[in-house]
Amino acid sequence: MGLQVIRNATCTFCGCVCDDIELHHDAVRIHEAKKACVLGTAWFLNHTAEKKHPAALIDGREATLDDAIETAATLLHEADMPLVYGMSNTTCEAQKECIAMADRLGGLLDSHTSL
(Lines of atoms letter the chains of each structure in order from A and count residues from 1; the text may use other names and numbers.)
(Lines give C-alpha, C1' and ligand atoms only; values in the text may rest on other atoms or scores of the structure.)
Protein backbone atom coordinates (compact mmCIF):
# COMPACT_ATOMS: atom_id res chain seq x y z
CA MET A 1 0.00 0.00 0.00
CA GLY A 2 1.37 3.42 -0.95
CA LEU A 3 1.68 6.51 1.14
CA GLN A 4 -1.26 8.81 1.61
CA VAL A 5 -0.86 12.57 1.12
CA ILE A 6 -2.21 15.42 3.19
CA ARG A 7 -2.03 18.70 1.28
CA ASN A 8 -1.91 22.17 2.84
CA ALA A 9 -0.99 20.88 6.29
CA THR A 10 -0.14 23.53 8.86
CA CYS A 11 3.04 23.46 10.93
CA THR A 12 2.83 25.16 14.33
CA PHE A 13 6.37 24.37 15.49
CA CYS A 14 8.14 27.75 15.33
CA GLY A 15 5.18 30.08 15.22
CA CYS A 16 5.35 31.03 11.53
CA VAL A 17 2.34 28.74 10.94
CA CYS A 18 3.33 27.65 7.43
CA ASP A 19 0.21 26.19 5.84
CA ASP A 20 1.31 24.86 2.47
CA ILE A 21 3.08 21.69 3.60
CA GLU A 22 2.48 18.34 1.95
CA LEU A 23 2.73 15.32 4.27
CA HIS A 24 3.31 11.81 2.95
CA HIS A 25 2.30 9.21 5.55
CA ASP A 26 1.18 5.69 6.24
CA ALA A 27 -0.93 4.49 9.16
CA VAL A 28 1.98 4.79 11.60
CA ARG A 29 4.15 7.77 10.72
CA ILE A 30 4.95 10.68 8.42
CA HIS A 31 7.67 9.79 5.90
CA GLU A 32 8.08 13.09 4.04
CA ALA A 33 7.18 16.72 4.66
CA LYS A 34 7.45 18.61 1.36
CA LYS A 35 7.78 22.42 1.51
CA ALA A 36 8.56 22.35 5.25
CA CYS A 37 11.71 24.05 6.53
CA VAL A 38 14.36 22.05 8.37
CA LEU A 39 12.66 22.67 11.75
CA GLY A 40 9.22 21.71 10.45
CA THR A 41 10.57 18.64 8.69
CA ALA A 42 12.26 17.40 11.86
CA TRP A 43 9.09 18.09 13.84
CA PHE A 44 6.80 16.23 11.44
CA LEU A 45 9.13 13.28 10.89
CA ASN A 46 9.35 12.70 14.64
CA HIS A 47 5.57 12.41 15.02
CA THR A 48 4.31 8.85 15.11
CA ALA A 49 1.24 6.86 16.04
CA GLU A 50 3.51 4.28 17.68
CA LYS A 51 3.54 4.27 21.46
CA LYS A 52 7.26 4.71 22.14
CA HIS A 53 7.06 6.05 25.68
CA PRO A 54 4.89 5.49 28.74
CA ALA A 55 2.04 7.92 29.37
CA ALA A 56 3.94 9.47 32.28
CA LEU A 57 7.13 9.27 34.33
CA ILE A 58 7.75 10.25 37.95
CA ASP A 59 11.42 10.38 38.96
CA GLY A 60 12.27 8.42 35.82
CA ARG A 61 9.87 5.57 36.57
CA GLU A 62 6.68 4.74 34.69
CA ALA A 63 3.56 6.12 36.38
CA THR A 64 -0.13 6.50 35.73
CA LEU A 65 -1.30 9.74 34.21
CA ASP A 66 -3.40 10.50 37.31
CA ASP A 67 -0.38 10.06 39.60
CA ALA A 68 1.75 12.27 37.32
CA ILE A 69 -0.88 15.03 37.31
CA GLU A 70 -1.11 14.88 41.12
CA THR A 71 2.69 15.03 41.45
CA ALA A 72 2.94 17.94 39.01
CA ALA A 73 0.20 19.83 40.85
CA THR A 74 1.98 19.31 44.17
CA LEU A 75 5.33 20.46 42.79
CA LEU A 76 3.80 23.54 41.18
CA HIS A 77 1.84 24.43 44.31
CA GLU A 78 4.96 24.16 46.49
CA ALA A 79 7.21 26.13 44.10
CA ASP A 80 8.23 29.68 45.03
CA MET A 81 8.14 31.06 41.50
CA PRO A 82 7.52 28.34 38.88
CA LEU A 83 8.52 28.96 35.29
CA VAL A 84 5.95 28.02 32.64
CA TYR A 85 8.04 27.69 29.49
CA GLY A 86 7.73 26.53 25.91
CA MET A 87 4.32 26.14 24.35
CA SER A 88 5.54 26.34 20.75
CA ASN A 89 3.84 23.03 19.96
CA THR A 90 0.56 23.87 21.65
CA THR A 91 -2.74 25.29 20.54
CA CYS A 92 -3.91 28.81 21.38
CA GLU A 93 -6.35 27.30 23.87
CA ALA A 94 -3.57 25.40 25.65
CA GLN A 95 -1.40 28.53 25.73
CA LYS A 96 -4.29 30.42 27.33
CA GLU A 97 -4.46 27.77 30.08
CA CYS A 98 -0.68 27.98 30.62
CA ILE A 99 -0.94 31.74 31.05
CA ALA A 100 -3.77 31.34 33.56
CA MET A 101 -1.78 28.70 35.45
CA ALA A 102 1.33 30.89 35.64
CA ASP A 103 -0.79 33.80 36.83
CA ARG A 104 -2.56 31.74 39.49
CA LEU A 105 0.72 30.28 40.76
CA GLY A 106 2.46 33.66 40.85
CA GLY A 107 4.98 32.26 38.41
CA LEU A 108 6.79 33.40 35.31
CA LEU A 109 5.79 32.83 31.71
CA ASP A 110 8.33 32.50 28.91
CA SER A 111 8.32 31.16 25.37
CA HIS A 112 11.01 29.50 23.31
CA THR A 113 11.49 32.76 21.41
CA SER A 114 13.42 34.24 24.34
CA LEU A 115 16.38 32.09 23.33
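Under the numbering used here, think of the first position of the sequence shown as 1433, with each following residue one higher.
Glycine included, C-beta positions come from ideal geometry on N, C-alpha and C.
Small disclaimer: the values here were computed from a predicted structure and weren't measured.
Would you decide whether residue i is buried or exposed? Buried here means 16 or more other CB atoms lie within 10 Å of its CB.
i, result
"G1518", "exposed"
"H1509", "exposed"
"L1455", "buried"
Between which two residues does the alpha helix (DSSP H) carrying residue i extend?
i, result
"V1470", "1470-1477"
For residue i, which residues of its own chain have a beta-carbon under 7 Å away from its beta-carbon, when the five flanking residues on both sides are left out?
i, result
"L1515", "G1539, L1540, D1542"
Helix, strand or coil: which one does DSSP assign to residue i?
i, result
"K1484", "coil"
"D1542", "strand"
"L1435", "coil"
"K1467", "coil"
"A1505", "helix"
"A1495", "strand"
Could you tell me the alpha carbon to alpha carbon distance between residue i and residue j, rounded to whole angstroms?
i, j, result
"H1479", "A1488", "18 Å"
"D1491", "E1529", "25 Å"
With a CB to CB cut of under 6 Å and the five nearest residues on each side skipped, what residues in its chain are close to residue i?
i, result
"A1511", "none"
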